[in-house]
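So the protein sequences, as listed, match chains G and S.
Each residue of the first sequence is one higher than the last, beginning at 5 in my numbering.
Each residue of the second sequence is one higher than the last, beginning at 7 in my numbering.
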Amino acid sequence: MPRALPADYRSKVEKPADFDAFWGDALRQASSIPLEPEVVPDPLRTSGDIETFQVFYTSIDHVRIAAWYCRPTRRAGRAPAIMLLPGYQMDPPIPKEWARKGYAALSVAPRGKLRSNRQFNPGYPNLLTHNIVDRHTYAYRGFYVDTWRGIDFLLSRPEVDPARLGVVGSSQGGGLTITTAAMRPEVRAASAGAPYLCGFVDAIALTHTYPYEEINDYLRLYPERRADVEETLAYFDGISFADRIACPIIVNVGLQDNVCPPETGYALFDRIGAADKRLYPYAGHGHDAGRVRHTAVVDAFFARHLQDAR
Amino acid sequence: MTNAAVHEYWQQALAELARCPACPEIESLALRSTAFATLYGVRLSSLGPYRLFGYLSIPKGTGPFPAIYYAPKYQSVLEIIPQGTANVQRSRYVTFSLAGRGQRNADSPYAAMFPGLLTDGIDNAASYPFRGIVADSIRGLEFLLTRREVDAARVVVAGNDMALLTAALASGATRVVTAPALFYRTAELAPKTQGYPLEELNDYLRLHPARADAVRRTLASFDLVSLAPRVSAATLVMAGAPGSLLDAAALRPMTTALKGPVTVYESQQSLYKDGLYSERWMAEQCGIADVQSILPEHWRD
Numbered sequence: 005m006p007r008a009l010p011a012d013y014r015s016k017v018e019k020p021a022d023f024d025a026f027w028g029d030a031l032r033q034a035s036s037i038p039l040e041p042e043v044v045p046d047p048l049r050t051s052g053d054i055e056t057f058q059v060f061y062t063s064i065d066h067v068r069i070a071a072w073y074c075r076p077t078r079r080a081g082r083a084p085a086i087m088l089l090p091g092y093q094m095d096p097p098i099p100k101e102w103a104r105k106g107y108a109a110l111s112v113a114p115r116g117k118l119r120s121n122r123q124f125n126p127g128y129p130n131l132l133t134h135n136i137v138d139r140h141t142y143a144y145r146g147f148y149v150d151t152w153r154g155i156d157f158l159l160s161r162p163e164v165d166p167a168r169l170g171v172v173g174s175s176q177g178g179g180l181t182i183t184t185a186a187m188r189p190e191v192r193a194a195s196a197g198a199p200y201l202c203g204f205v206d207a208i209a210l211t212h213t214y215p216y217e218e219i220n221d222y223l224r225l226y227p228e229r230r231a232d233v234e235e236t237l238a239y240f241d242g243i244s245f246a247d248r249i250a251c252p253i254i255v256n257v258g259l260q261d262n263v264c265p266p267e268t269g270y271a272l273f274d275r276i277g278a279a280d281k282r283l284y285p286y287a288g289h290g291h292d293a294g295r296v297r298h299t300a301v302v303d304a305f306f307a308r309h310l311q312d313a314r
Numbered sequence: 007m008t009n010a011a012v013h014e015y016w017q018q019a020l021a022e023l024a025r026c027p028a029c030p031e032i033e034s035l036a037l038r039s040t041a042f043a044t045l046y047g048v049r050l051s052s053l054g055p056y057r058l059f060g061y062l063s064i065p066k067g068t069g070p071f072p073a074i075y076y077a078p079k080y081q082s083v084l085e086i087i088p089q090g091t092a093n094v095q096r097s098r099y100v101t102f103s104l105a106g107r108g109q110r111n112a113d114s115p116y117a118a119m120f121p122g123l124l125t126d127g128i129d130n131a132a133s134y135p136f137r138g139i140v141a142d143s144i145r146g147l148e149f150l151l152t153r154r155e156v157d158a159a160r161v162v163v164a165g166n167d168m169a170l171l172t173a174a175l176a177s178g179a180t181r182v183v184t185a186p187a188l189f190y191r192t193a194e195l196a197p198k199t200q201g202y203p204l205e206e207l208n209d210y211l212r213l214h215p216a217r218a219d220a221v222r223r224t225l226a227s228f229d230l231v232s233l234a235p236r237v238s239a240a241t242l243v244m245a246g247a248p249g250s251l252l253d254a255a256a257l258r259p260m261t262t263a264l265k266g267p268v269t270v271y272e273s274q275q276s277l278y279k280d281g282l283y284s285e286r287w288m289a290e291q292c293g294i295a296d297v298q299s300i301l302p303e304h305w306r307d
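Right under this line is the structure:
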């Protein structure tokens, strides 16, 4: 039987009634913890045109978070800033490319990632199901907040224009872009590629590849916990966050994506609250979601919203 | 560095490895086992001695089965099978993925940084971590070949440069899938890019210009062009897109030096098209006729 069009797919995700209260509480807890930013010059990664720093700050549960921070050496006044969010198993990159485009660029390593794993380290595979039956301790509660605290770091920098903040990422970085744009109104533009963490319960039925397969593994061993798992995931699903997004946003998906099913990308896009939103579907592409072609679209999008918006 | 010096460098490493017993420990992992395959965590020793970790998946049913050995990658995370691969691939192949020293699950006492590993200690060939990582990768292949479930005539070694280096320096690989990224004319190509991982070398030499000769000497022992003639397995070379740093034209000195049958595939800048080609090539090489059944859902016809 031919596969149904992904645009016609209807997600099973239902936003919990107390969703806003749950995350409002997490934000309140986080904001009560001093950020204590440390900015350490990294001469090895610094070149004539780009200054590179290792950054550390404190997040919820007092977990110390690492990040890479790059900025153009030559700046005329306050710069627009981009926060780059990482994929599930990738090591956060040093965002020199973004700095070369004129942005102060922060690449965050949320808890459990390399350099942020001293206090929390469930490992890979495992992160996706760590404490998945309890939304108050589920791995992604702190993980999400770690990225939101990255916005606090950028706002603390005198060289950053607080009115020109963008967020970008693909795969898990795409999902984190959604949650950050939803929860931090300071974000003025967002670009999410092949968004992961969106439509969890849809994805585990639509595809059987890792990392989503971690959830299927878990439910195969503990089938009696399915209701608890689904209850938790509803609080963490990008689709539940989407109606809070108000900033301009673009989303790109690959129609042959074998990691994050395109059906979930369409379902997410449908729920995004922003009036200024656009979906870029790429036929003949998988989890790259047309990255090579789409890079120019992303660059133009941020230039319009962050560089021309003075 | 002469070919004889490269030969001597690896002879010494292989001799040290041979003196180090593997001492495997194998533990069943119920969480990742399915109706069609059982997953095991494997610990084994390599040169040093250094304790490694890998994931071994054995199909249910009567073997022997073709095998895919996923050689250590250039990232901190060790995957059971590569992200996006259909889990049902494990129903048809024995798969074994190994964390080389420095990667997660093999990061004690040495925890590698990414970026960082490529140039860590690169000015001393004798202690360069990649000497150990290549040995680790060979040890992983040796372990896989001890398994009675494996059909020794159908063993694919897949990965980046590490796949080719492993096939060059050890016996047992009957097929190779390689996507060079680290050790193809590294010193020559790095100045032409600002992209990682090769940018690591630019960073390093900017800070330590006096070490350039020592770095070149180390890299000479890893260069794929000089080691390619040792590879007799059928090889699929996953080249970059036309015009990129590692496209088919750039890789030609290596591909023409390989001794076995060679297929060169140029990236179409689509993980779908590139991945599908690789999956089909491996299946065809291993005599798996119904490749559709082991593809991810969104790649099937």
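Backbone N, C-alpha and C fix where the C-beta goes; we use that ideal spot for every residue, glycine too.
Every value quoted in this text rests on a predicted model; they were computed, and no experiment measured them.
Contact belief for residue i with residue j at Cβ below 8 Å, rounded distance in angstroms
{"i": "V231 (chain S)", "j": "A185 (chain S)", "result": "So it is not a contact: roughly 16 Å between Cβ atoms."}
{"i": "M87 (chain G)", "j": "G154 (chain G)", "result": "5 Å"}
{"i": "E33 (chain S)", "j": "G47 (chain S)", "result": "5 Å"}
{"i": "S276 (chain S)", "j": "G290 (chain G)", "result": "6 Å"}
{"i": "V183 (chain S)", "j": "S273 (chain S)", "result": "Their Cβ separation, rounded to whole angstroms, is 13 Å, which puts V183 (chain S) and S273 (chain S) out of contact at 8 Å."}
CB contact below 8 Å: residue i versus chain G
{"i": "P135 (chain S)", "result": "no"}
{"i": "Y278 (chain S)", "result": "yes"}
{"i": "Q89 (chain S)", "result": "yes"}
{"i": "A193 (chain S)", "result": "no"}
{"i": "Q81 (chain S)", "result": "yes"}
{"i": "V94 (chain S)", "result": "yes"}
{"i": "W16 (chain S)", "result": "no"}
{"i": "H13 (chain S)", "result": "no"}
{"i": "G54 (chain S)", "result": "no"}
{"i": "E303 (chain S)", "result": "yes"}
{"i": "E285 (chain S)", "result": "no"}
Chain S contact for residue i (CB, 8 Å cutoff)
{"i": "Q316 (chain G)", "result": "For chain G, the structure presents residues 5 to 314; residue 316 (chain G) sits outside this window and is missing."}
{"i": "G127 (chain G)", "result": "yes"}
{"i": "V296 (chain G)", "result": "yes"}
{"i": "G290 (chain G)", "result": "yes"}
{"i": "L225 (chain G)", "result": "yes"}
{"i": "H212 (chain G)", "result": "yes"}
{"i": "V263 (chain G)", "result": "yes"}
{"i": "P99 (chain G)", "result": "no"}
{"i": "L201 (chain G)", "result": "no"}
{"i": "D95 (chain G)", "result": "yes"}
{"i": "D221 (chain G)", "result": "yes"}
{"i": "R49 (chain G)", "result": "yes"}
{"i": "L118 (chain G)", "result": "yes"}
{"i": "E217 (chain G)", "result": "yes"}
Identity of the residues DSSP links to residue i by a beta bridge
{"i": "A164 (chain S)", "result": "S:Y76, S:V183"}
{"i": "L9 (chain G)", "result": "For L9 (chain G), which the question treats as bridged, DSSP gives no partner whatsoever."}
{"i": "L110 (chain G)", "result": "G:Y73, G:M87"}
{"i": "A174 (chain S)", "result": "Beta-bridge pairing links A174 (chain S) to no other residue."}
{"i": "S174 (chain G)", "result": "G:G197"}
{"i": "L256 (chain G)", "result": "The sequence as given places Asn at residue 256 (chain G); Leu does not occur at that position. Paired residue(s): G:G197, G:Y284."}
{"i": "V164 (chain G)", "result": "G:A83"}
{"i": "F124 (chain G)", "result": "Partner(s): none; F124 (chain G) has no beta bridge."}
{"i": "V43 (chain G)", "result": "G:V59"}
Between the CA atoms of residue j and residue i - distance to the nearest angstrom
{"i": "E205 (chain S)", "j": "A131 (chain S)", "result": "20 Å"}
{"i": "E55 (chain G)", "j": "S120 (chain G)", "result": "22 Å"}
{"i": "Y222 (chain G)", "j": "F124 (chain G)", "result": "20 Å"}
{"i": "T213 (chain G)", "j": "E14 (chain S)", "result": "43 Å"}
{"i": "Y202 (chain S)", "j": "L213 (chain S)", "result": "16 Å"}
{"i": "V67 (chain G)", "j": "L118 (chain G)", "result": "13 Å"}
{"i": "G116 (chain G)", "j": "P96 (chain G)", "result": "12 Å"}
{"i": "L169 (chain G)", "j": "L159 (chain G)", "result": "9 Å"}
{"i": "G179 (chain G)", "j": "P199 (chain G)", "result": "5 Å"}
{"i": "D105 (chain G)", "j": "H140 (chain G)", "result": "Reading off the sequence shown, one finds Lys at residue 105 (chain G), where the question assumed Asp. If you take the alpha carbons of K105 (chain G) and H140 (chain G), they lie about 39 Å apart."}
{"i": "P90 (chain G)", "j": "A289 (chain S)", "result": "32 Å"}
{"i": "P78 (chain S)", "j": "P20 (chain G)", "result": "42 Å"}
{"i": "F71 (chain S)", "j": "Q298 (chain S)", "result": "18 Å"}
{"i": "L84 (chain S)", "j": "L188 (chain S)", "result": "18 Å"}
{"i": "A70 (chain G)", "j": "F60 (chain G)", "result": "4 Å"}
{"i": "I37 (chain G)", "j": "D150 (chain G)", "result": "12 Å"}
Heavy atom of the ligand NAD within 7 Å of residue i beta-carbon
{"i": "A255 (chain S)", "result": "Looking at this structure, you won't find the ligand NAD or any other ligand, since it has none at all."}
- Message: Quick check for students: name the residue ranges of the alpha helix (DSSP H) that lie wholly in the segment 105–151 of chain S, counting only runs of 4 or more.
- Response: 135–151
- Task: Taking only runs that begin and end inside the segment 184–250 of chain G, name each unbroken alpha helix (DSSP H) of 4 or more residues, in chain order.
- Result: 204–210, 217–225, 230–240, 242–245
- Which residue spans inside the segment 204–264 of chain S form an unbroken alpha helix (DSSP H) run of at least 4? 205–213, 218–226, 230–233, 254–261
- Query: Of all the alpha helix (DSSP H) runs that stay within the bounds of the segment 270–299 of chain S, which reach a length of 4 or more residues?
  - Reply: 277–291
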